[in-house]
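Asker: I'd like to ask you about the structure that follows.
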């Protein structure tokens with residue numbers, strides 16, 4: 001734990017948190033919450049559509 005690198009604020013802003021996928025151009029990563037016993041997951045959805053609730 002002594003050798004941890006301190007990150008600058010600009011470095012922290014570059015981190016894509018939450019394990020969201022790197023979606024292709026024209027799509028957006030949407031978080032799908034857990035429902036009916038199924039776990040939560042990420043899905044790439046077209047930019048013309050809204051993320052489901």
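Residue numbers (full-length UniProt numbering): 1 to 53.
All residues carry an ideal CB built from backbone N, CA and C; glycine is no exception.
With DSSP collapsed to three states, give me the class of residue 5.
Answerer: Within the chain shown, numbered from 1, the residue matching residue 5 stands at position 5. Coil at residue 5, not helix or strand.
Asker: Would you check if the distance between the CB atom of residue 21 and the CB atom of residue 42 is smaller than 9 Å?
Answerer: To locate residue 21, count along the chain shown from 1; it is residue 21. To locate residue 42, count along the chain shown from 1; it is residue 42. Cβ atoms of residue 21 and residue 42: closer than 9 Å.
Asker: Where does the unbroken beta strand (DSSP E) through residue 20 begin, and where does it stop?
Answerer: Numbered from 1 along the chain shown, position 20 holds the residue referred to as residue 20. Careful: residue 20 lies outside any beta strand (DSSP E) and carries neither H nor E.
Asker: At which residues does the beta strand (DSSP E) containing residue 30 begin and terminate?
Answerer: Numbered from 1 along the chain shown, position 30 holds the residue referred to as residue 30. Unbroken beta strand (DSSP E) run through residue 30: 27-32.
Asker: Between 47, 51, 5 and 6, which lies nearest to residue 27 when the distance is taken from Cα to Cα?
Answerer: To locate residue 27, count along the chain shown from 1; it is residue 27. Minimum Cα distance to residue 27 is reached at 47.
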